[in-house]
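**Q** Got a structure for you, written out below as structure tokens; questions coming shortly.
Residue numbers (the working numbering): 24 to 568.
What follows is the structure, given as structure tokens:
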């Protein structure tokens with residue numbers, strides 16, 4: 024699993040429900056039952072994708088979902104993170120490493136590698152490749168976006184060709200996760216390109232890989248063709264001969280081709296189209312809880328939203344249940360706080376805000392906002408309560424949510440102006456703090472670290488806390504939870520952290536989204552789940568009957 028699968032990253036706007044970086048997510052969709060004849064060798068599956076890849080090198084990648092998943096099919100990781108984070112922090116299964124153990128003080132972690140693992144050119148995969156990969160991950164000339172995940176790994180040492188040792192500067196809960204993050208790359212091939220050239224180098228010609236598939240062809244903005252690597256070292260080897268990714272930026276075109284049988288998978292089906300997939304005799308719909316939740320970001324630095332009573336009032340005044348049902352057509356549920364209900368650290372009894380416009384009006388009055396004049400608009404100190412609610416341009420679901428919020432708050436006397444903003448411009452406004460409210464979505468990490476969005480930003484560290492939100496007691500709890508190696512004790516800290524965030528309402532929590540995947544019924548053996556759409560891709564096979 025790559026780091027881009029588990030980082031908490033805000034979702035891009037180009038898809039209505041779920042695009043960006045995913046993680047090894049929990050909650051599985053059931054595979055189609057195989058026919059009595061069993062798996063068949065050969066065939067291909069065409070997958071619709073919204074964007075082309077920009078690189079086949081994990082350490083050049085910005086983490087777009089298709090690119091990350093294709094890279095995961097081409098290169099090995101030491102282990103495979105399992106989708107079992109509902110009950111506890113995720114566990115790991117062997118991949119390139121057959122076993123691993125910590126030292127008594129847990130400051131060193133030793134991996135034992137498979138002796139039969141080979142790169143696509145036949146060269147053995149060894150501990151030197153793991154050491155070389157670590158050097159690339161840490162080198163500022165490479166500029167890997169997830170470099171901070173290796174902050175507490177001081178060194179990676181080659182013990183012998185099949186044994187590699189990670190040395191940590193400290194013990195902490197996610198050492199195994201951080202050691203595993205990032206794909207192992209071939210030192211004998213990638214090492215020919217100096218690190219200072221990695222940001223701009225083209226790694227595609229003569230690409231050396233080590234996954235179940237290898238690159239067979241790439242026509243930019245049209246197709247990426249992966250073929251089964253006959254020398255793949257793990258079992259089972261893929262049944263499918265090829266995986267073809269067809270670039271179709273328009274979701275309508277994706278669904279049209281799926282319904283026509285021209286593609287066999289669409290990884291993100293909009294909720295309003297789910298019924299069409301379910302009614303087709305040739306398709307099936309796979310649904311599972313994603314790690315994505317939607318929210319309204321309030322700029323806590325803005326005088327309009329600096330008062331907690333105001334933020335709570337806005338949340339009370341939005342009919343979130345109606346919004347979720349209207350926008351998601353039954354394929355989402357209310358979000359209760361900053362930890363998803365599918366995660367082990369979720370606090371089920373955290374106090375929730377109901378839909379209560381009357382109480383909302385009372386809180387606003389306590390904060391000095393009262394109706395004045397004949398139009399019913401709230402005013403305080405001669406200023407009206409009015410603001411822009413931004414959402415990504417082209418995202419019809421966010422637009423629909425903005426209009427519903429506008430109508431709900433208008434009944435309270437708050438004037439909302441929904442404004443669509445081009446995605447890169449919206450990111451710039453978030454980062455600069457030049458916004459009032461934004462309809463946004465977030466993908467939570469399986470490691471359940473609340474630092475990114477909720478901790479007070481440091482003066483030097485990067486942060487995704489665009490809100491300007493700060494609570495010293497919350498900062499203390501988050502820091503303590505990050506240090507706690509016992510996950511039951513960490514959960515107690517995270518429980519209180521969730522309570523504080525819900526009390527403060529720096530955002531209005533809206534929904535937890537499901538991911539919907541449309542698949543041909545002829546594709547068999549696919550365990551499409553929240554770990555990855557391609558979680559068991561080697562076991563997929565095509566049955567034309």
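No residue lacks a Cβ here, since even glycine has one placed at the ideal position from N, Cα and C.
1) Does residue 44 come out as helix, strand or coil in the three-state DSSP assignment?
2) In whole angstroms, what is the alpha-carbon distance linking residue 552 and residue 353?
3) Between which two residues does the beta strand (DSSP E) holding residue 135 run?
4) Mind the definition here: the region 176-195 touches the region 154-161 only if three or more C-beta pairs lie below 8 Å; say whether that holds.
5) So, are the CB atoms of residue 322 and residue 491 less than 8 Å apart?
6) If you measure between the beta carbons of residue 300 and residue 291, is that distance less than 8 Å?
7) Can you tell me the Cβ-Cβ gap for residue 71 and residue 266, rounded? I've got them flagged as a contact below 8 Å.
8) With residue 119 and residue 101 assumed to form a contact (beta carbons below 8 Å), what rounded beta-carbon distance in angstroms separates them?
9) Looking at C-beta atoms only, is the number of pairs between the region 306-317 and the region 456-475 that lie closer than 8 Å three or more?
10) Below 7 Å CB to CB, which residues in the same chain sit around residue 264 once its five sequence neighbours on both sides are set aside?
11) May I ask you to list the residues that DSSP assigns as paired with residue 555?
12) In the region 296-365, which residue ranges form an unbroken beta strand (DSSP E) of at least 3 residues, counting only runs that do not cross its ends?
13) Sorted by chain position, which residues of the same chain lie with C-beta nearer than 6 Å to residue 561's C-beta, five sequence neighbours on each side aside?
14) On the premise that residue 204 lies in contact with residue 172, defined as a C-beta separation below 8 Å, what is that separation, rounded to the nearest angstrom?
15) Taking its Cβ as the centre, do 16 or more other Cβ atoms sit within 10 Å of residue 53, making it buried, or is it exposed?
16) Taking contact to mean 3 or more Cβ pairs, one atom from each stretch, closer than 8 Å, check whether the region 207-227 and the region 523-530 are in contact.
17) At the level of alpha carbons, what is the spacing between residue 110 and residue 367?
18) Residue 414 to residue 93, Cα distance in whole Å?
19) Are the beta-carbon atoms of residue 412 and residue 439 separated by less than 8 Å?
20) Assign residue 113 to one of two classes, buried (16 or more other C-beta atoms within 10 Å of its C-beta) or exposed (fewer than that).
21) Straight-line CA distance for residue 226 to residue 164?
22) Excluding the 5 residues flanking residue 149 on each side, which residues of the same chain have their C-beta closer than 6 Å to its C-beta?
23) Please classify residue 370: does DSSP put it in a helix, a strand, or coil?
24) Starting from residue 248, trace the beta strand (DSSP E) both ways and give me its first and last residue.
25) For residue 521, I'd like the list of residues in its chain whose CB is within less than 7 Å of its CB, leaving aside the five on either flank, ordered along the chain.
26) DSSP state of residue 585, grouped into three classes?
27) Tell me where the alpha helix (DSSP H) around residue 181 begins and ends.
28) Among all the DSSP beta bridges, which residues are the ones paired with residue 67?
**A** So, from the data block:
1) Residue mapping note: residue 44 aligns to position 21 of the chain shown, counting from 1. The predicted model places residue 44 with a pLDDT of 33, which falls under 50 and marks its position as unreliable; any figure quoted below should be read in that light. Three-state DSSP puts residue 44 in coil, outside helix and strand.
2) Counting from 1 along the chain shown, the entry for residue 552 is found at position 529. Counting from 1 along the chain shown, the entry for residue 353 is found at position 330. So the alpha carbons of these two residues sit roughly 19 Å apart.
3) Taking the chain shown and counting its residues from 1, the one referred to as residue 135 is at position 112. Element bounds for residue 135: 131-136.
4) yes
5) Reading the chain shown from its first residue, position 299 is the one you call residue 322. Reading the chain shown from its first residue, position 468 is the one you call residue 491. Closer than 8 Å, so yes.
6) Translated into the one-based positions of the chain shown, residue 300 becomes position 277. Translated into the one-based positions of the chain shown, residue 291 becomes position 268. In this structure, residue 291 does not lie closer than 8 Å to residue 300 by Cβ.
7) Translated into the one-based positions of the chain shown, residue 71 becomes position 48. Translated into the one-based positions of the chain shown, residue 266 becomes position 243. Not confirmed; about 12 Å, so no contact.
8) Taking the chain shown and counting its residues from 1, the one referred to as residue 119 is at position 96. Taking the chain shown and counting its residues from 1, the one referred to as residue 101 is at position 78. Yes, they are in contact, since the Cβ atoms of residue 119 and residue 101 sit about 5 Å apart, within 8 Å.
9) yes
10) Numbered from 1 along the chain shown, position 241 holds the residue referred to as residue 264. These residues qualify, in order along the chain: 65, 66, 67, 250 and 251.
11) For this step, residue 555 is matched to residue 532 along the chain shown. Paired residues: 552.
12) 306-321 and 355-357
13) To locate residue 561, count along the chain shown from 1; it is residue 538. 235, 259 and 261, listed in sequence order.
14) As a position in the chain shown, residue 172 is number 149, starting the count at 1. As a position in the chain shown, residue 204 is number 181, starting the count at 1. Between residue 204 and residue 172 the Cβ distance is about 5 Å, and since that is below 8 Å, they are a contact.
15) Position 30 of the chain shown, counted from the first residue, corresponds to residue 53. Because residue 53 carries a pLDDT of 45, less than 50, the predicted location of this residue cannot be relied on, and no value is offered for it.
16) no
17) The count along the chain shown starts at 1 and reaches residue 110 at position 87. The count along the chain shown starts at 1 and reaches residue 367 at position 344. When rounded, the distance between both Cα atoms is 5 Å.
18) Translated into positions along the chain shown, residue 414 becomes position 391. Translated into positions along the chain shown, residue 93 becomes position 70. Computed Cα separation, rounded: 29 Å.
19) Numbered from its first residue, the chain shown carries residue 412 at position 389. Numbered from its first residue, the chain shown carries residue 439 at position 416. For residue 412 and residue 439, yes; Cβs fall inside 8 Å.
20) Reading the chain shown from its first residue, position 90 is the one you call residue 113. Buried, by the Cβ-count rule.
21) In the chain shown, residue 226 corresponds to position 203, counting from 1. In the chain shown, residue 164 corresponds to position 141, counting from 1. Taking the straight line from one Cα to the other gives about 16 Å.
22) Here residue 149 is taken as the residue at index 126 of the chain shown, counted from 1. Cβ within range, chain order: 184.
23) Against the chain shown, residue 370 aligns to sequence position 347. Three-state result, residue 370: coil.
24) The sequence position of residue 248 within the chain shown is 225, counting from 1. 246-251 is the extent of the beta strand (DSSP E) around residue 248.
25) For the purposes of this step, residue 521 is taken as residue 498 along the chain shown, with counting starting at 1. So the qualifying residues of the chain are 360, 361, 362, 370 and 373.
26) As displayed, the chain neither begins before 24 nor continues past 568, which places residue 585 out of reach and without an answer.
27) As a working note, residue 181 is residue 158 in the chain shown. Segment 176-183 is the beta strand (DSSP E) holding residue 181; no alpha helix (DSSP H) there.
28) Here residue 67 corresponds to residue number 44 of the chain shown, with the count starting at 1. Residue 67 is bridged to 265.
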